[in-house]
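Using numbering that gives the first Met the number 0, read the sequence shown as starting at 0 and increasing by one per residue. All C-beta atoms in this analysis are idealised placements derived from N, C-alpha and C, irrespective of residue type, glycine included. These notes concern the structure reproduced below.
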Amino acid sequence: MKHLLSTEDLSLSNAIRILDTAEEMSAVGDREVKKLPALRGRTVVNLFFEDSTRTRISFEAAAKRLSADVINFAAKGSSVSKGESLKDTAQTLAAMGADAVVIRHWASGAPHRLAATDWIDAAVINAGDGTHEHPTQALLDAFTMRRHWATLNGTSSAGADLRGMRVAIAGDVLHSRVARSNVWLLRTLGAEVTLVAPPTLLPIGVGQWPCSVSYNMDETLEKGVDAVMMLRVQGERMNASFFPTTREYSRRWGFDDNRLRTLDRLGLKDTIIMHPGPMNRGLEISSAAADSHRSTVLAQVRNGVSIRMAALYLLLSGDTREPAATPAAYSTNAAYSTKESH
Ligand code: NCD
């Protein structure tokens with residue numbers, strides 16, 4: 000694996016490898032010294048052409064925990080034309096010796112472009128491109144679901160897929176790269192996915208996606224569901240009116256207090272409520288739902304660091320220069336200090 004651009008072309012074995020490596024990375028996060036020397040001397044550039052809080056900070060924390068050097072480059076607001084600005088920027092980064100470029104761009108396909116050209120020889124990680132894909136978000140979501148599923152089934156998550164798990168992804172599917180990346184990855188991992196949205200917020204051709212589609216949230220809950228992933232209503236990508244009023248939207252499509260009670264009434268005591276953030280509280284999710292014991296919102300953020308450590312580690316340790324040791328080689332804090340002093 001040279002780049003991580005999408006989940007659509009991610010094989011089952013690579014997906015499981017990333018999830019398993021993230022479990023090892025997560026164990027590092029539980030230690031007093033949260034750092035591994037694995038990527039010492041490597042440079043990771045965060046190239047963000049679009050706003051981000053969680054994703055950018057998470058990649059920064061991940062790279063730093065692996066001892067890489069991190070350069071944050073907020074390219075938002077650049078007035079140069081798309082192709083040129085990307086090329087110029089990439090060549091600048093190449094000149095600085097970037098080993099990995101984490102790119103978020105408003106244009107769908109920008110990370111693929113960067114990976115396909117000879118502008119730069121770095122590993123490219125897609126941190127969200129337009130309405131297309133957001134692979135590390137889907138991986139951290141799958142990681143969160145896999146842990147939950149393993150706990151419920153009394154099994155270990157290592158090596159496991161998500162066969163048998165029922166997942167509803169609800170809301171603004173049309174503008175959501177999170178939904179797309181999740182549909183592809185969850186299909187690969189064997190989960191059953193239902194998209195729940197108003198017809199106006201579903202993309203053309205959704206009938207060909209490997210999932211079911213419903214226009215009715217309550218019916219979907221009644222059928223039984225193990226995880227409900229709420230999507231943000233992406234106002235910034237809407238150039239028209241996609242639903243009558245925000246009140247109507249939250250009543251029909253949002254996860255409100257009534258639906259929280261519905262889960263209890265249906266006896267779905269283990270169903271989790273997910274959201275990639277940032278949340279529009281009171282619109283697609285009520286505060287009671289977001290803060291309930293079912294909510295995995297903060298666990299998702301935590302797991303994001305482990306997933307991004309795994310992605311950076313797997314992409315960069317395949318580098319032909321000084322080989323990086325496996326995470327297991329640094330299994331204790333003492334091992335870390337020994338390596339450091341040599
Ligand atoms: C998502 C994104 O940027 O696509 N957020 C994230 O990465 N945590 C979802 C969103 O913005 O709604």
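Runs of the alpha helix (DSSP H) lying entirely within the region 153-227, each at least 4 residues long, are 176-188, 216-222 in chain order. The C-alpha of Arg55 is placed about 11 Å away from the C-alpha of Phe48. When secondary structure is reduced to three states using DSSP, Glu22 falls in the helix class.
Taking a cut-off of 7 Å from the heavy atoms of the ligand NCD, the residues with a C-beta inside it are Ser51, Arg53, Thr54, Gly127, His133, Gln136, Ser175, Arg176, Val177, Leu230, Arg231, Gln233, Pro275, Gly276, Pro277. The continuous alpha helix (DSSP H) containing His111 extends over residues 109-115. By the 16-neighbour rule on beta-carbons within 10 angstroms, Glu235 is exposed. Leu65 and Leu85 do not touch by the CB rule: their CB atoms are close to 26 Å apart, not below 8 Å. With a threshold of 16 other beta carbon atoms within 10 Å, Gln299 meets it and is buried.
Within the same chain, Thr6, Glu7 come within 6 Å of Trp183 by CB-CB distance, once the 5 residues on both sides are set aside. Between His147 and Ile271 a beta carbon distance of about 6 Å is seen, short of the 8 Å cut, so the two are scored as contacting. Contact between His274 and Val304 does not hold, since the beta-carbon distance rounds to 17 Å and is not under 8 Å. Judged by their CB atoms, Leu201 and Leu194 are nearer to each other than the 8 Å cut-off. Gly253 places its beta carbon 8 Å or farther from that of Leu220. For Leu38 against Leu313, the beta-carbon gap comes to about 11 Å, at or over 8 Å, which does not count as contact. At a Cβ-Cβ threshold of 8 Å, Ala106 and Ala121 do not count as neighbours.
Contact annotation: Val43 and Ala73 have beta-carbon atoms that are not nearer than 8 Å. Bridge partners of Ile284 according to DSSP: Phe254, Arg280. Residue range 271-273 is occupied by the beta strand (DSSP E) that includes Met273. Excluding the 5 residues flanking it on each side, Leu173 has same chain C-beta neighbours closer than 8 Å at Thr130, Ala196, Thr199, Leu200, Leu201, Pro202, Phe241, in chain order. In the structure shown, Met144 falls within a helical segment according to DSSP collapsed to helix, strand and coil. Between Ile17 and Ile284, the CB-CB gap reaches or exceeds 8 Å. In the structure shown, the three-state DSSP call for Gly234 is helix. When the Cα atoms are used, Asp87 and Ile102 turn out to be separated by approximately 14 Å. Leaving aside the five residues that flank Thr261 on each side, the residues in its chain whose CB is nearer than 6 Å to its CB run, in chain order, Leu220. Residue environment analysis places Ala97 among the buried positions, since at least 16 neighbouring C-beta atoms fall within 10 angstroms of its C-beta. The criterion of a C-beta distance shorter than 8 Å is satisfied by Ala226 and Val166.
Just measuring C-alpha positions, the residue of Asp255, Thr52, Gly266 sitting nearest Gly127 is Thr52. Here DSSP, grouped into helix, strand and coil, assigns Val32 to coil. Cβ-Cβ distances below 6 Å link Ser294 to Ile272 in the same chain, with the five nearest sequence neighbours on each side left out; the list follows chain order. In the DSSP assignment, Arg103 falls within the unbroken beta strand (DSSP E) covering 99-104.
With 16 or more neighbouring CB atoms inside 10 Å of its own CB, Gly170 falls in the buried class. Between Ala89 and the set Asp263, Val69, Gly153, Leu46, the nearest pair of CA atoms involves Leu46. As the crow flies, the alpha-carbon of Ala287 is around 6 Å from that of Asp256.
Ile306 sits in a helix when the DSSP states are folded into three classes.
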